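Q: The opening position of the sequence shown corresponds to residue 83 in the numbering used here, with each subsequent residue numbered one higher.
Heads up, the beta-carbon is just placed ideally off N, CA and C, and yes, glycines get one too.
The structure displayed is predicted, hence computed values, not measured ones.
Shown below is the structure under consideration.
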Amino acid sequence: MGILHYVLLCFFTLILIIKLCSEYIKYRKFPPSPFALPIVGHLHLVKKKPLYKSLQTLAEKYGPIIFLKFGSRPVLVVSSTSAVEECFIKNDIIFANRPPHSVAGDHLSYNYSVLGWVPCGHQWRNLHSISAIKAFSSNSLQMPAYICDEEVRFVIRGLFETRTPQKVDLKTMLSELTFNMIMRGIAGKRCFESGMGKEEKKRVLRYLKETFVPVMTMEFGDFFPNLRRVCFRGVDYRMEKLRKERKIFNQGLIEECRLTKLESSPVAGKKCMISNLLSLQDSDPKQYTDDTIQGLISTMLSAGTETTALTMEWAMSLLVNHPEVLWKAHSEIEKIIQQGRLLDESDILKLPYLNCIINETLRLYPVAPLLVPHFSSKECTVGGYTVPPETMLLGNAWAIHRDPKLWVDPAKFMPERFEGGEIEKVDALKFIPFGIGRLSCPGSVLAMRMIGLALGTLIQCFEWERIGSDPKPLVMDPIVELDNNNGINIDFDGDDMEMEEIDGPL
């Protein structure tokens, strides 16, 4: 009899557990999720590059809110304005962190004390305050104004040297320009001096890109932490080497400014960022440590150089494919700027159509198609679905920027859609190239000014066209591989464009 009672007790207990679990699962309604494989989860569905297009395809099938598993890590992917609003505005505090213990973060974040990696809290507020006041405030942005003007003029003079139509290596030219701008603001000196030979410039540019362009990357070791030290050890070695290279380079800049008190301009009171931070270090050494300064240097070189150059490259590619837009932009500049005077940074706000071109470029080709990952600190609700804690959040800006429900002819290059600031009046959430919320890019204003000045001056001074008597339009697909007969390659090197001088003095 005792055994029978024990069996019955176990049976009813099991039924009770199943009932409670079913009620709990019913209460916790998780977002739609495709079929997952053991161990790898949904990685087999996104193995094709680029990731943002794979996620866009899944969103078209399962909806704008999808729950995935990348290895052992839960991932929430949002691809609609309503979902973006819930995650990045209404639940911004819950999603205010970055994914912890990532491969790149463990090596490149100075023990998670850099602005892009530090968890939301007291330290994050301190770093945000330092960045906002000393790097990206309106007063600080006045210092790079003359730097941007001088560097753009330096590039224009170089293009005018031959006085004949020529091929222009846009990729290299724009990368050198942005590195020079950012470096002068950081340390008061240029990366590429006029006396450098072509090979030396290539070597320096290759070193800077290899050292600073890799930023907040996602590696397979992030999704399989238990196997990281066994199967993905090579990535840790690569990141450790990168950390050492950055530390040597950044500390060298700090020591140079510390020893020489180097100023970035002969104008009184206008110093470089490092000199300003070193002055603050004397009064508050605990907050303004060398590691803090190194972190800001790495952030600006990583986030503000190649991304800006890439946007300008996309813009020029779009313009030569649409000569009517190029001519309209040139006419606007000719109307606003006096004859014989070069565009300067104070003119950018007077050129609305130029800004429309930049916005439309960022809509079609955002430099961060997937917003930098966020991380949930606790359980929350998004779109009526339950999102568990410790979930990685990915906002698919690429899908939102090309959603036919939000944009008319979303694949078409049409700068006029931004005229009159309509984007702000209708729905600012559908245009998020710099992110949104408290973790959005703090350097967006500086980036727009740099892009506007460089792009506007290139349009003002030269006529641009594709090479050949009957040139084909550049193929504007970042994943299409083209053969040599098409006259362009996947990287959109500037070799594919031709420049002709226009009449009028420089």
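#1: Have a look at I238 and L540 and give me their C-alpha separation to the nearest angstrom.
#2: Considering only DSSP beta bridges, list what M474 is partnered with.
#3: Where do the N-terminal and C-terminal ends of the beta strand (DSSP E) with L150 fall, by residue?
#4: For W409, tell me which candidate among W546, N262, K253, A391 has the shortest Cα-Cα distance.
#5: Cα separation between K507 and F513?
#6: Any chance the segment 429-442 sits against the segment 452-463, with 3 or more Cβ pairs inside 8 Å?
#7: Quick one: give me the first and last residue of the alpha helix (DSSP H) that Y435 is part of.
#8: If you measure between the beta carbons of F261 and L287, is that distance less than 9 Å?
#9: Evaluate S191 with the Cβ neighbour count: other Cβ atoms within 10 Å of its Cβ, from every protein chain shown; 16 or more gives buried, anything less gives exposed.
#10: In whole angstroms, what is the alpha-carbon distance linking I148 and P471?
#11: Any contact of the segment 468-483 with the segment 155-162, i.e. 3+ C-beta pairs under 8 Å?
#12: Taking A411 and S161 to be in contact with their CB atoms under 8 Å, please state how far apart those CB atoms are, rounded to whole angstroms.
#13: What three-state label does DSSP hand F177 in the structure shown?
#14: I need the straight-line Cα distance from S346 to E337, nearest angstrom please.
#15: Hey, is the segment 259-277 in contact with the segment 376-396, meaning 3+ C-beta pairs nearer than 8 Å?
#16: For F516, I'd like the list of residues in its chain whose CB is within less than 6 Å of its CB, leaving aside the five on either flank, ordered along the chain.
#17: Let's test the definition: count the other Cβ atoms within 10 Å of the Cβ of R445 and tell me whether it reaches 16, buried, or not, exposed.
#18: Cα separation between L537 and M398?
#19: Going by other Cβ atoms of all chains shown within 10 Å of its Cβ, with 16 needed for buried, is P348 buried or exposed?
#20: Assign K353 to buried or exposed, taking buried as 16 or more other Cβ atoms, counted over all protein chains shown, within 10 Å of its Cβ.
#21: Could you give the residue range of the beta strand (DSSP E) that holds V464?
#22: Since I believe L400 is in contact with F314 (beta carbons under 8 Å), could you give me their beta-carbon distance rounded to a whole number of angstroms?
#23: Ends of the alpha helix (DSSP H) at E388?
#24: Out of I229, H456, T163, I379, which has the shortest C-alpha to C-alpha gap to K487?
#25: Ignore the nearest five residues each way along the sequence and tell me which others in F500's own chain have a CB closer than 7 Å to its CB.
#26: Is Y144 helix, strand or coil by DSSP?
#27: Measure the CB-CB distance between A186 and H456 and report whether it falls below 9 Å.
A: Walking through what the data contain:
#1: Rounded to the nearest angstrom, the two C-alpha atoms are 8 Å apart.
#2: As a beta-bridge residue in DSSP terms, M474 pairs with V157, F457.
#3: Membership of L150 in the beta strand (DSSP E) is indicated by the continuous run 147-152.
#4: Considering only alpha carbons, the answer is W546.
#5: Here K507 scores only 43 on pLDDT, less than 50, and its place in the model should not be relied on; the value that follows carries that caveat. Answer to the nearest angstrom: the Cα atoms are 12 Å apart.
#6: Short answer: they don't touch.
#7: Counted as a single uninterrupted DSSP element, the alpha helix (DSSP H) harbouring Y435 occupies residues 434-446.
#8: Against a cut-off of 9 Å, the Cβ pair of L287 and F261 comes out as a contact.
#9: By the neighbour-count rule (16 or more Cβ atoms within 10 Å), S191 is buried.
#10: Distance between the alpha carbons of I148 and P471 is about 15 Å.
#11: Contact between the segment 468-483 and the segment 155-162 is present, because at least three Cβ pairs lie under 8 Å.
#12: Here A411 is actually not in contact with S161; their C-beta atoms are around 31 Å apart, not less than 8 Å.
#13: If DSSP states are grouped into helix, strand and coil, F177 belongs with coil.
#14: Reliability fails at S346, whose pLDDT of 45 lies under 50, so the model's placement of it is uncertain and no value is given.
#15: Output reads yes: the segment 376-396 touches the segment 259-277.
#16: These residues qualify, in order along the chain: S522, C523, S526.
#17: For R445, the number of other beta carbons within 10 angstroms of its own is at least 16, and it is reported as buried.
#18: L537 and M398 have their C-alpha atoms spaced approximately 8 Å apart.
#19: Since pLDDT at P348 reaches only 46, below the 50 mark, its modelled position is unreliable, and the value read off the structure follows with that caveat. By the C-beta density criterion, P348 is exposed, having fewer than 16 other C-beta atoms within 10 angstroms.
#20: So K353 ends up on the buried side.
#21: Following the DSSP letters along the chain, one finds V464 inside the beta strand (DSSP E) bounded by residues 462-464.
#22: With 8 Å as the limit, F314 and L400 do not qualify as a contact, their Cβ atoms being about 38 Å apart.
#23: Element bounds for E388: 388-403.
#24: With respect to the C-alpha of K487, the residue from I229, H456, T163, I379 having the closest C-alpha is T163.
#25: So the list reads C438, N441, E442, once near-sequence residues are dropped.
#26: When secondary structure is reduced to three states using DSSP, Y144 falls in the helix class.
#27: Taking 9 Å as the cut-off, the Cβ atoms of A186 and H456 do not count as close.
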